[in-house]
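*Asks:* Numbering (this note's numbering), first residue to last: 16 to 331.
We put the beta carbon where it would ideally sit given N, CA and C, even for glycine.
Remember, predicted model here, so these are calculated numbers, not experimental data.
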Amino acid sequence: MTNKSWQKLTVTVASLDTQLIDWLSYLLLEIEAEGTEVNYAFGYLENHPDLFGEIPQEIPEELLNRDTEVVGYFSQERMIDLEAFELAVKEAVQSVLYRIKLSEIENENWQQNWMQHYEVQDVSRFVKIVPMWQEYEGLADERVIRLDPGLAFGTGNHPTTQLGVQGLEMFMRSGDRVLDVGTGSGILAFVALAFGASMVKGYDLDPQAIESAVQNMAYQKTADLSPLSFSVNDLLVGVKDEADVIVANILPHILVNMLDDAKVLLTDEGYLILGGILEEQGEKLEKVLKEKGWMIIQKTWLKGWLGYVTQKEREV
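Structure representation (structure tokens):
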């Protein structure tokens with residue numbers, strides 16, 4: 016990383032709301048930020064449910080009065096669609112004042128510092144996500160997924176990923192055929208493989224995400240990776256493979272565009288597992304699901320985020 020410069024995309028927002036700040040971080044990761052950080056949100060840090068027991072520090076008044084900064088770091092090669100990103104931010108912040116700034120910075124140690132604090136994640140009863148630079152053997156009944164999550168969304172510590180993993184754990188069966196839409200780092204695809212899927216295909220619109228997922232294949236200790244593949248694709252457009260389970264952890268306004276294709280590809284008794292939905296977005300999504308002929312089998316809540324398990328409505 017010597018002499019490497021980065022793009023720095025900063026969203027400044029006049030809020031300490033934990034869900035909003037988490038959502039802005041999520042939006043940055045969705046457009047493939049290689050890392051994110053939150054600055055000046057001292058009230059947010061004191062109240063966030065995922066703190067690791069830091070000792071509060073006495074904060075100077077001039078810092079307390081600063082607006083929150085949510086920052087994403089991108090490689091120089093990464094093309095950022097600022098117009099689309101600002102539309103997503105505008106929808107998220109509603110009436111809260113915000114600013115967006117894209118700048119360039121020289122090489123910093125943010126990536127190494129982030130790696131030092133990324134630990135083994137318990138994401139469900141049986142699944143552990145382990146950074147590839149850490150040693151961890153796992154217990155007899157644990158499924159250990161090893162990742163270098165730096166290039167794409169999906170580290171295991173975000174509620175949306177945890178809800179997706181838990182949905183797979185509860186509803187997937189050994190031998191099922193699984194499609195993972197918006198695969199990111201490949202985490203949900205690897206979980207499906209670990210639970211005995213006979214076919215797993217991960218799709219993402221972004222080539223960098225697919226590159227990250229393919230790279231993460233090398234870190235798995237699974238004896239047989241042959242059922243697993245990753246490819247660049249726009250949701251489920253053009254996909255022909257029938258599936259027993261389709262899982263999608265993507266933004267809801269994008270997610271609704273795949274519901275018709277999912278209905279064609281999913282078996283009559285199959286499950287569509289959905290994530291990436293803030294609690295306040297649930298009602299709108301549920302309305303669309305009903306209009307599109309999907310019935311909700313399970314709805315789960317985790318730290319302000321929703322996960323859904325759905326099936327096709329049956330003919331009466």
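Based on Cα-Cα distance, which residue from L250, V215 and N248 lies nearest to L240?
*Replies:* Nearest in C-alpha terms to L240, of all of L250, V215 and N248, is V215.
*Asks:* Please check the pair F89 and Q22, which I expect to be a contact at CB under 8 Å, by giving their CB distance rounded to whole angstroms.
*Replies:* Sure, about 4 Å apart at Cβ, within 8 Å.
*Asks:* Hey, out of I115, E47, V53 and E98, whose CA is closest to Q91's CA?
*Replies:* E47
*Asks:* Would M162 and I120 be called neighbours here (beta carbons separated by less than 8 Å)?
*Replies:* Per the sequence presented here, residue 162 reads as Leu, with Met not at that position. It is not a contact, given that the beta carbons lie outside the stated cut-off.
*Asks:* Using only the alpha-carbon positions, how far apart do L102 and E152 sit?
*Replies:* 44 Å
*Asks:* Would you report the Cα separation of F186 and G319, rounded to the nearest angstrom?
*Replies:* 22 Å
*Asks:* Check each candidate in P222, A228, S200 and L183 and name the one with the smallest Cα separation from G341.
*Replies:* With the chain covering 16 to 331 only, the question about residue 341 has no answer from this structure.
*Asks:* Using 8 Å for Cβ pairs, my map puts L270 next to L251. What's the rounded Cβ distance?
*Replies:* Wrong, their Cβ atoms sit about 11 Å apart, outside the cutoff.
*Asks:* Give me, in chain order, the residues of the same chain whose beta-carbon lies closer than 6 Å to that of S189; leave out the 5 immediate sequence neighbours on both sides.
*Replies:* G211
*Asks:* List the DSSP bridge partners of V85.
*Replies:* DSSP, once it has assigned bridges, lists V26 and V53 as partnering V85.
*Asks:* Given a threshold of 16 other Cβ atoms within 10 Å of its Cβ, counted over all protein chains shown, does K105 qualify as buried or as exposed?
*Replies:* That one is exposed.
*Asks:* Going straight from the alpha carbon of N54 to that of D249, what length do you get?
*Replies:* Spanning the two alpha carbons is a distance of roughly 34 Å.
*Asks:* Mapping DSSP to helix, strand and coil, what is P146?
*Replies:* strand
*Asks:* Note down, one range per segment and in chain order, each alpha helix (DSSP H) of at least 4 residues found wholly within the segment 165-214.
*Replies:* 174-186 and 202-209
*Asks:* My parser needs the beta strand (DSSP E) runs of 3 or more residues fully inside the segment 294-326; what are they?
*Replies:* 309-317
*Asks:* Which residue from T315, V26 and E45 puts its Cα closest to that of Q181?
*Replies:* T315
*Asks:* Consult DSSP for V108 and reduce its assignment to one of helix, strand or coil.
*Replies:* For V108, the secondary structure class from DSSP, reduced to helix, strand or coil, is helix.
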